[in-house]
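Right, one structure below, let's go through it.
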Amino acid sequence: MAAGGRLLLLFLLPWLVTASHSPPGCKIRITSKGLDLVKQEGLRFVEQELQNITVSDLHGKEGQFHYNISQVKVMDLQLALSDLHFQPQQHLVFNINNASISLRFRRQLLYWFFYDIGSINASADGVHIHTMLQLAKDEAGRLKISNITCNASIARMHAGFSGTLRKVYEFLSTFIVTGMRFLLSQQICPSLEHASLVLLNSVLDTVPVRNYVDEHIGIDYSLLRDPAVSTDTLDLDFKGMFFPRVRENQELENHAVEPVIKETERMVYVAFSEYFFDSAMHSYFQAGVLAIELQGEKVPKDLEVLLRATFFGTIFMLSPTVDAPLRLVLQVSAPPRCIIKPSGTSVSVSAFLNISLVPPGHPAVQLSSMAMETKLSARVYLQGKALRVQLDLRRFRIYSKQSALESLALFSLQAPLKTLLQLTIMPIINERTKKGVQIPLPEGMDFTKEVVTNHAGFLTVGADLHFSKELREVIEKYRPAPTAAARPSSEPTAPSMEPPQL
């Protein structure tokens, strides 16, 4: 029995592994080159956050001397040595080494009956900051910074004193500088933690997860699993499934080839499987919008004459409705299928074409119902952050659903109906798909220099990135309302300092 159980487990193991790993319809890879661009923008953001550090007042006394340091303000930062890199399995590491921070603060000194007030310029040198950001998907399937580990230290701090009691301040400089270095170093990490867990996550909230594309369908870009981080890349697996708005909870099973991204030369790569496009067409089919009707003056005149001649006998028997307008209804009969090959992308469509006379005040009279099989070539391209598809008719065939003899009779309609599709129907379809669908990138980040490459069962878009908006601009737009827990409520206490009454 035990041996039989092991054999059964070995037999089921490949199936269980496959079942637990849902293939993505869309995959994004960010490379080290893309991370370098993010570092440049992120460094500006870190500088802005550190300039807004709030340091509590420093009080102390030494004998009869009482001092108070207040209104500490960061005047300048030099963050020359910085590094942002990937660290397996789910982390980004951001290091700042040998930085310097220039400060200015207000001084107050009381010695017996002598009282001195003024400002002091100080500098913190040898500032080292090490942060590790953990990336994960949240319950909604959105990419988040789930945790941050931070360590900060200041090697040296100097203060310049002036005024009538300069010698006294120099005597007290050890206490003042030690206390200020402690307070400043204790405020760096809380500031960066707030910036990451609150502000940067608000930027990640701008990535579309489950949005409506138009009045008929929506797109689900939820992450299937936590990001996979290697030393050179960060890979994100998105569901990449469209859904009809009339059945938002409908799931279309993914049997397509999983996209594989091997390249690392560009800043970012986006891959789409056949499932991504199939789910879009399946959703439109479920929504009941893959149909086009032409009637009366919308039917090209040359085609109308040919149709009336082809079905002359039938129309003549319908007198006195001979002059009734024609109606053509093109209805897709099954969800179209997308085929991606290295040579190109195509879409196979099966449809019915019903031709009828529509006498005013009377029921429509069907003249013919023919089956159509078409193959469309698809040009997939990016414009901004929108993925768009331009369709063109490649092959076209009509035949009768009743008999082979009637199919022969319809042969003369092959060329004019193909012209109808090319000149009338295809522009309508391309106009409907002109808007495209947004790629899951944060607001303010766009693609440039896109190159589309076809593979067997999927296609990839390699591109560079650029910031169309500064990170700070996006953060301010979506800055969360301040809460009591937004920043640490308790300030660190300086060592061996008693707050006096001045």
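In the working numbering, each number is its position in the sequence shown, counted from 1, plus 441. Even glycine gets a Cβ: it sits at the ideal position worked out from N, Cα and C.
{"Check": "C-alpha gap between residue 735 and residue 810, whole angstroms", "Outcome": "15 Å"}
{"Check": "Residue closest to residue 567, alpha-carbon to alpha-carbon, out of 644, 822, 557, 594", "Outcome": "594"}
{"Check": "Same chain, Cβ closer than 7 Å to residue 641, five either side skipped, listed in chain order", "Outcome": "586"}
{"Check": "Integer Cβ distance of residue 531 from residue 576, believed to fall under 8 Å", "Outcome": "5 Å"}
{"Check": "Ordered list of beta strand (DSSP E) runs contained in the region 803–873, each at least 3 residues", "Outcome": "806–824, 827–841"}
{"Check": "Simplified DSSP state of residue 631, which is helix, strand or coil", "Outcome": "helix"}
{"Check": "Cβ shell of residue 950 (< 7 Å), same chain only, five flanking positions each side left out", "Outcome": "Here the chain comprises residues numbered 442 to 943, so residue 950 is not present and cannot be evaluated."}
{"Check": "Counted within 10 angstroms of its Cβ, other Cβ atoms place residue 723 as buried (16 or more) or exposed", "Outcome": "buried"}
{"Check": "Cβ-based burial, residue 522 [other Cβ within 10 Å; buried from 16]", "Outcome": "exposed"}
{"Check": "Given 8 Å, three or more beta-carbon pairs between the region 668–682 and the region 864–874", "Outcome": "no"}
{"Check": "Burial state of residue 833, where buried means 16 or more other Cβ atoms lie within 10 Å", "Outcome": "exposed"}
{"Check": "Cα-Cα separation, residue 725 to residue 658", "Outcome": "7 Å"}
{"Check": "Limits of the unbroken beta strand (DSSP E) element including residue 890", "Outcome": "886–895"}
{"Check": "First and last residue of the uninterrupted alpha helix (DSSP H) at residue 710", "Outcome": "Segment 709–714 is the beta strand (DSSP E) holding residue 710; no alpha helix (DSSP H) there."}
{"Check": "Residue range of the beta strand (DSSP E) that includes residue 743", "Outcome": "No beta strand (DSSP E) contains residue 743, which is instead part of the alpha helix (DSSP H) from 742–751."}
{"Check": "Helix, strand or coil at residue 920 according to DSSP, with G and I counted as helix", "Outcome": "coil"}
{"Check": "Whole beta strand (DSSP E) elements within the region 456–507, 3-residue minimum", "Outcome": "467–472, 499–503"}
{"Check": "Cα-Cα separation between residue 836 and residue 903, rounded to whole angstroms", "Outcome": "30 Å"}
{"Check": "Distance, residue 883 Cα to residue 625 Cα", "Outcome": "32 Å"}
{"Check": "Exposure label - residue 797; buried when at least 16 CB within 10 Å", "Outcome": "buried"}
{"Check": "Reference residue 685; option with closest CA among 792, 655, 842, 880", "Outcome": "655"}
{"Check": "Rounded straight-line distance, which links the Cα of residue 474 to that of residue 873", "Outcome": "36 Å"}
{"Check": "As assigned by DSSP and simplified to three states, the class of residue 651", "Outcome": "strand"}
{"Check": "Exposed unless 16 or more other CB atoms sit within 10 angstroms - verdict on residue 727", "Outcome": "buried"}
{"Check": "Straight-line gap, residue 711 to residue 689 (C-alpha atoms, nearest Å)", "Outcome": "25 Å"}
{"Check": "Which of helix, strand or coil DSSP assigns to residue 786", "Outcome": "strand"}
{"Check": "Stretch-stretch touch, CB-based, cutoff 8 Å, three pairs: the region 484–492 with the region 732–751", "Outcome": "no"}
{"Check": "Contacts around residue 636, its chain only, beta-carbon distance under 8 Å, and the 5 residues preceding and following it disregarded", "Outcome": "486, 487, 490"}
{"Check": "Nearest candidate by alpha-carbon position, reference residue 807, set 795, 800, 801", "Outcome": "795"}
{"Check": "Nonlocal neighbours in the same chain, by C-beta distance under 6 Å from residue 451, ignoring five residues either side", "Outcome": "Its pLDDT being 48, under 50, residue 451 is placed unreliably by the model, and the measurement read from it follows with that caveat. Same-chain partners within the cutoff: there are none."}
{"Check": "Residues near residue 893 in its chain [Cβ-Cβ closer than 7 Å; skip 5 each side]", "Outcome": "821, 822, 900, 902"}
{"Check": "Same chain, Cβ closer than 6 Å to residue 768, neighbours up to 5 away in sequence not counted", "Outcome": "736, 797, 799"}
{"Check": "Beta-carbon gap between residue 584 and residue 564 smaller than 9 Å", "Outcome": "no"}
{"Check": "Residue from 694, 879, 919, 909 whose Cα sits closest to the Cα of residue 660", "Outcome": "879"}
{"Check": "Every unbroken beta strand (DSSP E) inside the region 512–582 [3 residues or more]", "Outcome": "522–528, 532–552, 555–578"}
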